[in-house]
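Everything below concerns the one structure shown next.
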Amino acid sequence: MNSRVDYIEISDKNSSNETPIENKTEDGISQRYWMRLKKITAIWMSAWIFPAILLHIPVSMTSSIKILNGIPLHWFNAALLSILVGVVLIFLYALVMDKTDKMLKGGRNSGGG
Amino acid sequence: MNLSYGKISIILFSILYALLIIVLALLGNTFVASGVAVFGSLFLYLLIAFIMRTRDVGEFYVAGRSIGAIPIGSSIASNWMSGASFVSMAGAIALLGFDGLPYIIGWTLGYCIAAFMIAPFIRKSGTYTIPEFIEVRACYWSIARLIGVIMLFIVSFTYLVAQLVATGVIVGRFLGLPAILGAIIASVIVVAFAGSGGWKSIVWVNVAQYWILIIAYWCAFMAAAYVAGIFNPWPHIGYGELLTKLEAKEAFFNLKTFTEPFVRVFGGGTGQANWILSALCLMLGTVGLPHVLSQFYLVKDVRTARYGVGWGLTFIALLYITAPVYAVLARSAFSGAWGMPVDQVINLSWIQKWVPTGLIKVVDVNGDGLLQPLELSFHNDIVVVGMPDMFGLPWFFTTIVAIGGLAAALSTANGLIMVMAVGATRDIYKRFINPNASERREIWIGRIMLVVLSVVSSIFGARALDDPTFSTYVALLVGWAFVFAASSFTPIVILGIFWKDLNKYGMIAGMICGMFTALPYVLWVGLYGAPPIMIFGSKIGTIAWGTIAFLVNIMITIAVTLATGGRKANTPEVLRFIDALKTPE
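Chains as they are written, first to last, in our numbering: chain A, 273 to 385; chain B, 17 to 601.
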C-alpha cells in the first residue's frame with residue numbers, strides 16, 4: 273500500500289492537522305462542526321438554486337419586462353445578475369465559515385461551545 | 017536567485033519591454049512593434065517561470081501548498097478561461113443570442129458548487145491529485161485510481177490539443193505566421209513554464225497571464241463601448257438603447273430578435289428545459305474537470321481555498337459579464353451594414369481587412385445589390401479579434417487583443433499539461449512503477465513527461481489545424497468533456513466528501529453507469545444526428561443530457577452502496593480519512 277506510506281512521507285508544510293490517516297477528531301466539537309457545516313452548505317446550495325435555475329424559469333414573463341432603457345429582464349438576469357449573485361454567495365459563505373471556524377476554535381480553547 | 021532579485025528582474029524587463037514597444041511605435045514601425053509586444057509577453061512569462069523554478073517535489077506537485085487567496089483566484093481564472101473563452105465566446109453569443117447564455121451562467125456558477133462542496137475538502141484531504149483522492153476514498157483500491165487517471169488524460173489531452181489549435185490560430189491571425197508553427201511554439205513554451213518549477217512556476221505565470229488577458233479584453237471593449245456611446249453610466253448596464261435599435265432593425269428584416277428566448281439550437285437541443293439542463297451540466301462539469309480541481313490543492317489552507325474560489329469567480333466574472341455586451345456591440349456593428357449597397361459594404365475598411373481571413377463572408381445571394389442580413393455571415397472569432405477594426409480603434413488595440421488571446425490560450429494549456437504530467441508521474445510512475453523513486457528522480461520524470469506530452473499534443477494540434485474534420489472532432493470532444501466530467505467525476509467527489517456510507521462498489525458502479533448514460537446519447541445524437549429526446553416539450557441536446565447522466569450516476573451510486581453494505585464496506589482507515597475532512601482546521 274504505497275499510497276498510505278506517501279501520506280506519511282510527504283507531510284503538509286502549512287497545516288499540522290491534515291494527514292489523512294491520523295484521526296484528529298475531537299468527537300463532540302467535530303460532530304457539532306460537521307452538523308453546522310452541513311446546515312450551512314444546505315442553505316447556500318438552496319440559495320445557489322436561485323441564480324442557477326429559478327431566476328431563469330419565468331422567462332415568458334421576464335422577457336416582456338424592459339429595464340435600463342431597453343434591456344429585457346430575462347437577458348439581464350442571465351448575462352449579469354446571476355453571476356453577481358454567485359460571487360456574493362461565495363464570499364458570504366466564506367465569511368460565515370470563518371465565523372464558524374472561530375467559534376469552534378473558541379469552543380476548543382474554553383472546552384465549551 | 018531570491019524573490020526580491022526576481023521581482024526587480026520582472027519590473028526591469030517590463031519597463032524595457034514597454035519602452036521598446038513605444039519607441040518602435042513612435043518610429044512608425046507598427047508591425048515590428050506588434051511582434052515585439054506579442055513575443056515580449058512570452059519572454060515575460062518565461063522570466064517568471066524561471067524565477068520560480070524549484071527542485072522540491074512538494075513545490076513541483078502542489079506549489080508547496082503556499083498560494084494565497086488573490087493569487088490563486090487569478091490562477092483559477094486564467095487556468096479556466098481558455099483561448100476559446102477569450103476569442104470565441106462573445107462570438108457564440110452574438111450568433112445564438114439569449115440561447116447562448118448557458119455558456120455564461122454554466123461556466124461561472126459551477127464555482128459556487130466548488131466553493132461550498134468541493135474546494136475546502138479537497139484541500140483538507142492532503143492528497144496531491146484527484147485520482148489519488150478517488151483511490152483513498154475507494155479504500156485504497158488501485159483500479160479506482162487508474163480509472164481516474166484515464167479519465168483525466170482523456171479530458172485534459174483533448175482540451176490541450178484545442179488550446180494549441182487556438183494558440184496557432186491566434187499567432188497566425190495576428191502575426192501572419194503559419195498556425196502550425198504557432199501551435200509548436202506554444203507547446204515548447206508551455207513545457208518551459210512547467211518544467212522549470214512545476215505548479216510553483218505555473219501558478220505565478222498564470223497570475224501574470226490573468227491580468228494581461230483581462231486588461232486586454234477590457235481595453236478593446238471599453239474603447240469600443242466609448243465609441244458606441246454606451247457609457248450610460250457604465251457599458252454593462254448602459255447598452256439598452258443600442259440593443260433596442262438592434263432589435264428594431266432585426267424586426268424590420270423579419271429576423272428573430274437577438275434576445276428572443278428558445279428560438280435557436282444549443283448543444284443540439286432547443287427549448288427552456290434544454291437551456292436550463294445545459295447550463296446545469298456546464299456547472300456540474302466544470303467542478304469535475306481535473307485541471308479545475310487541481311487548483312484547490314495549491315492553497316495555503318482551507319480558509320484560503322474558500323476565499324480563493326470567491327476571487328476566482330470574481331476574476332472570471334470580469335470577462336463573462338463583458339462577453340454578452342461585446343456580442344451586442346458586434347451585432348450592432350454588423351447590423352449597420354444591413355440594407356447597404358453591397359458595393360459599399362465590401363469597401364468598409366474592417367470588411368476589407370477580415371474578408372480575406374474567411375472570418376467574414378459577404379455574398380449577394382439574391383443579386384439585388386443590397387446586403388440582406390443573411391448575406392453577411394461571420395465566424396465566432398471575429399467578434400473579439402475584429403472589434404478594434406469594427407469601431408475604428410487605433411492599430412495597437414488589435415495587438416493588445418492578440419497578447420490577451422495568447423495569454424488566455426497559454427494559461428489554460430499550462431494547467432492542462434501540468435495536470436497530466438503530475439498524473440503520469442505521481443499516479444502512474446510513483447504509484448505503480450517505481451514507488452521508491454527519489455524526489456529528484458520524480459521531478460525529472462515529471463519533466464520528461466512534459467516533453468512527451470508536448471510532442472504528442474503538438475502532433476495532434478498540427479493534425480487538427482491541417483484537417484478540418486479532425487478539428488471538428490476535437491471541438492466536439494471539448495464540449496462533451498463537461499458531459500463526461502458531470503456524469504463521472506463530479507457525483508463521486510461530492511458524495512465521497514458528504515456521504516460517509518459511500519463505498520467503492522457504489523463509486524465504480526455510479527461512474528460506469530453515468531458514463532454509459534452519457535456516451536451513447538452523445539454519440540447517437542451528437543455524431544450520428546439522431547433526433548434528441550423530448551422532455552417538457554424541449555429537445556434535449558447532448559450537453560443538457562449530461563445533467564440526466566449526473567442524476568443517473570447519483571441514483572446508481574446510492575443504490576449500489578446501500579445494496580453492498582454501505583459504510584460496513586469501508587475500512588476504518590477510510591472512515592478516519594472522511595472524518596478528518598470534516599474537522600475544523
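Every residue gets a Cβ at the ideal spot worked out from N, C-alpha and C, and that includes glycine.
| Query | Result |
| --- | --- |
| Where the beta strand (DSSP E) containing V281(B) begins and where it ends | Counting along the chain, V281(B) falls outside any beta strand (DSSP E), and DSSP gives it neither H nor E. |
| Outcome for M434(B) when other beta-carbon atoms lying within 10 angstroms are tallied against a minimum of 16 | buried |
| Contacts around Y521(B), its chain only, beta-carbon distance under 6 Å, and the 5 residues preceding and following it disregarded | V576 and T580 |
| Residues sharing a beta bridge with T143(B), DSSP | BP columns for T143(B) are empty, so no partner. |
| Chain A contact residues for F114(B), given Cβ-Cβ distances below 9 Å | V331, S335, P344, H346, W347, A350 and A351 |
| Contact with chain B by I293(A), beta-carbon distance below 8 Å | Caution applies to I293(A), whose pLDDT of 41 falls short of 50 and renders its modelled position unreliable; the value that the coordinates give is listed next. So yes, I293(A) belongs to the interface. |
| Separation of T338(B) from W234(B), as counted between CA atoms | 8 Å |
| When A79(B), V207(B) and A135(B) are compared against L62(B), the one with the closest alpha-carbon | V207(B) |
| 6 Å CB neighbourhood of N295(A) in its chain, flanking five on each side removed | Because N295(A) carries a pLDDT of 46, less than 50, the predicted location of this residue cannot be relied on, and the following value inherits that uncertainty. Contacts found: none. |
| Best match in L125(B), L176(B) and F331(B) for proximity to I200(B) [C-alpha to C-alpha] | L176(B) |
| N569(B) burial status per 10 Å Cβ neighbour count (16 or more: buried) | buried |
| Neighbouring residues, chain C, relative to F363(A) (Cβ below 7 Å) | No chain C is present in this structure, whose protein chains are A and B. |
| Contact test: P372(B) Cβ vs the ligand FMN heavy atom, cutoff 7 Å | Of the ligands one can find in the structure shown there are none, so the ligand FMN has no counterpart to examine. |
| Proximal chain A residues relative to F498(B), where beta-carbon distance stays under 8 Å | Those do not exist, as F498(B) stays about 15 Å from chain A at its closest Cβ, beyond 8 Å. |
| Whole alpha helix (DSSP H) elements within the region 294-380 of chain A, 4-residue minimum | 299-324, 331-334 and 345-348 |
| C-alpha distance - T70(B) paired with K371(A), whole-angstrom precision | 36 Å |
| Selection of the region 302-314 of chain A by Cβ proximity to chain B, strictly under 9 Å | S302, Q303, Y305, W306, L309, K310, I312 and T313 |
| Interface partners of G256(B) on chain A, CB under 7 Å | L340, N341, G342 and I343 |
| Backbone secondary structure at L28(B) - three-state DSSP | helix |
| With 16 other Cβ atoms within 10 Å as the buried cut-off, status of S348(B) | buried |
| Backbone CA spacing between E276(B) and S354(A) [nearest angstrom] | 18 Å |
| Contact list for S354(A) against chain B, beta-carbon separation under 7 Å | I121 and L125 |
| Cβ neighbours of Y21(B) in the same chain (closer than 6 Å, five flanking residues each side left out) | none |
| Chain B contact residues for I321(A), given Cβ-Cβ distances below 8 Å | Neighbours of I321(A) on chain B: none; closest Cβ ~10 Å, over 8 Å. |
| Interface partners of Q288(B) on chain A, CB under 7 Å | V331 |
| Three-pair Cβ contact test at 8 Å for the region 511-525 of chain B versus the region 470-481 of chain B | no |
| Nearest to S30(B) (by Cα), restricted to the options L309(B), L40(B), Y336(B) and A53(B) | A53(B) |
| Minimum Cβ-Cβ distance from Y226(B) to chain A less than 8 Å | no |
| Whole-number beta carbon distance between Y127(B) and I362(A), since they are thought to touch under 8 Å | 7 Å |
| Euclidean distance between Cα positions of G164(B) and A350(A) | 34 Å |
| Contact set between G300(A) and chain B, taken where Cβ atoms lie within less than 7 Å | Those do not exist, as G300(A) stays about 12 Å from chain B at its closest Cβ, beyond 7 Å. |
| Residue range of the alpha helix (DSSP H) that includes K377(B) | K377(B) -> not in any alpha helix (DSSP H); beta strand (DSSP E) instead, spanning I376 to V378. |
| Cα-Cα separation between S283(A) and L535(B), rounded to whole angstroms | With a pLDDT of only 38 at S283(A), under 50, the local geometry of the prediction cannot be trusted, and the value read off the model is given with reservation. Cα to Cα, the separation comes out at about 39 Å. |
| Alpha-carbon to alpha-carbon, D115(B) and I376(B) | 22 Å |
| For A110(B) and M97(B), the rounded distance between their alpha carbons | 18 Å |
| Continuous alpha helix (DSSP H) stretch holding S427(B): start and end | W411 to V438 |
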